[in-house]
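**Student:** First residue of the sequence shown? That's 56 in this note's numbering, and the numbers climb one at a time after it.
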Amino acid sequence: MSFNLLKGKRGIIFGALDENSIAWKTAERVHEEGGSFVLTNAPVAMRLGQIKDLAEKTGSEIIPADATSEEDLENLITKSMEILGGKIDFVLHAIGMSINVRKGRHYTDEKYDFTTKGWDVSALSFHKVLQSLYKADAMSEWGSIVALTYMAAQRTFPDYNDMADNKAYLESVARSFGYFFGKEKKVRVNTISQSPTPTTAGQGVKGFDGFISYADKMSPLGNATALECADYTVTLFSDLTKKVTMQNLFHDGGFSNTGVSQEVIEQFS
Ligand code: NAI
Numbered sequence: 056m057s058f059n060l061l062k063g064k065r066g067i068i069f070g071a072l073d074e075n076s077i078a079w080k081t082a083e084r085v086h087e088e089g090g091s092f093v094l095t096n097a098p099v100a101m102r103l104g105q106i107k108d109l110a111e112k113t114g115s116e117i118i119p120a121d122a123t124s125e126e127d128l129e130n131l132i133t134k135s136m137e138i139l140g141g142k143i144d145f146v147l148h149a150i151g152m153s154i155n156v157r158k159g160r161h162y163t164d165e166k167y168d169f170t171t172k173g174w175d176v177s178a179l180s181f182h183k184v185l186q187s188l189y190k191a192d193a194m195s196e197w198g199s200i201v202a203l204t205y206m207a208a209q210r211t212f213p214d215y216n217d218m219a220d221n222k223a224y225l226e227s228v229a230r231s232f233g234y235f236f237g238k239e240k241k242v243r244v245n246t247i248s249q250s251p252t253p254t255t256a257g258q259g260v261k262g263f264d265g266f267i268s269y270a271d272k273m274s275p276l277g278n279a280t281a282l283e284c285a286d287y288t289v290t291l292f293s294d295l296t297k298k299v300t301m302q303n304l305f306h307d308g309g310f311s312n313t314g315v316s317q318e319v320i321e322q323f324s
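#1: Out of Gly233, Gly262, Ala270, Val244, point me to the one whose CA is closest to Pro251's CA.
#2: Which same chain residues, not among the five before or five after Ile143, have their C-beta less than 8 Å away from its C-beta?
#3: Heavy atom of ligand 1 less than 7 Å from the Cβ of Val176, yes or no?
#4: In terms of residues, what are the limits of the beta strand (DSSP E) holding Phe92?
#5: Would you check whether ligand 1 has a heavy atom nearer than 7 Å to the C-beta of Met136?
#6: Quick one: grab the DSSP three-state call for His182.
#7: If contact is defined by three or more beta carbon pairs under 8 Å, each pair taking one atom from either stretch, is the segment 215–231 in contact with the segment 176–186?
#8: I want to check one thing, is the minimum distance from the CB of Asn75 to the heavy atoms of ligand 1 below 7 Å?
#9: Check whether the Cβ atoms of Ala229 and Gln249 sit closer than 8 Å, and answer yes or no.
#10: Residue range of the beta strand (DSSP E) that Ser248 falls in?
#11: My output table needs one value for Glu239: the three-state DSSP class, helix, strand or coil.
#12: Would you kindly work out how many angstroms separate the C-alpha atoms of His306 and Pro275, rounded to a whole number?
#13: Can you tell me which of Ser115, Pro98, Phe58 puts its alpha carbon nearest to the alpha carbon of Trp79?
#14: Using 8 Å as the Cβ pair cut-off and three pairs as the minimum, do the segment 256–266 and the segment 309–316 touch?
Rendered as structure tokens:
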């Protein structure tokens, strides 16, 4: 169902790799709500992914950008404003990757080159996106910027590895930059803390199948899907949430406030 919540709004969507990606679902929902946008991803991911299909479906252009490169980001922002015909109203940062996880390095045996690269991609890239938008004065007043995160930033999930630290940093950046973006430009900055979701990045976490079904059993409403995350993001991009900023917003079916559920107790009794 569409409510035209984003009619006339322009945006940039990072991180649509394939149809499972949260960013992919978000692009589809934003399109349905009347928003127009530029799609972007790392050049290497673009060769692997099917982003062209999404661009065709949503009438969008694609601009490759490595989110760790300030030069790429400046180019992306300038070109997006040209293509879309004005300043940007919404941005989705849906980027994450741990090289330690990919290479099977345990949290107690990190290779720090991998740690640094993973932090740059997953966490510092959000600061780079925000700073590039800020310096270019590219955001419209009452614009909205959202990044995706996970609860391992607050509580320990052993196999989440160094991504837990990256997410803690990412959430801190949203608060810190959100202050300046709010004061100077009336722009809001938030993170959505999403349930485990079966995507390429999600399935990189060791033991993902057990992890996702445990979360589902622990959540009174069940896990939130990628499409539901897209719906929630649409509300944050809309004018209905203009005074929500500097928040980490749990979108997890109630998982984060549940001590234990009946289903989980039954496994042990
Ligand atoms: P995904 O694998 O579909 O998306 C991750 C994206 O990051 C890919 O499109 C990839 O190409 C992009 N990327 C990697 N390096 C990049 C770079 N240098 N520059 C630009 N883009 C780059 O997976 P998903 O799950 O949709 O991930 C989106 C976000 O959601 C991530 O921040 C992830 O940590 C977060 N998240 C995912 C959860 C899950 O269980 N899948 C749960 C909570 C948060």
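Each residue gets a CB set at the ideal place from its N, CA and C atoms; glycine is no exception.
**Tutor:** In terms of the structure at hand:
#1: Nearest C-alpha to Pro251 among Gly233, Gly262, Ala270, Val244: Ala270.
#2: Cβ contact annotation for Ile143 (same chain, cutoff 8 Å, sequence separation greater than five): Arg65, Gly66, Ile67, Ile132, Ser135, Met136, Leu188, Ala193, Met194, Ser195, Gly198, in chain order.
#3: Taking 7 Å as the cut-off, the C-beta of Val176 counts as close to a heavy atom of ligand 1.
#4: 91–95 is the span of the beta strand (DSSP E), which, as asked, contains Phe92.
#5: No, ligand 1 has no heavy atom inside 7 Å of this Cβ.
#6: DSSP places His182 in helix when its eight states are reduced to three.
#7: Judged by Cβ distances under 8 Å, the segment 176–186 makes contact with the segment 215–231, as three or more pairs qualify.
#8: For Asn75, the shortest C-beta to heavy atom distance toward ligand 1 is below 7 Å.
#9: At a Cβ-Cβ threshold of 8 Å, Ala229 and Gln249 do not count as neighbours.
#10: Note, Ser248: beta strand (DSSP E), 243–249.
#11: Looking at Glu239 - three-state DSSP - the assignment turns out to be helix.
#12: Roughly 12 Å separates the two Cα atoms.
#13: If we check each option's Cα against that of Trp79, Ser115 comes out closest.
#14: Contact fails: fewer than three Cβ-Cβ distances are below 8 Å.
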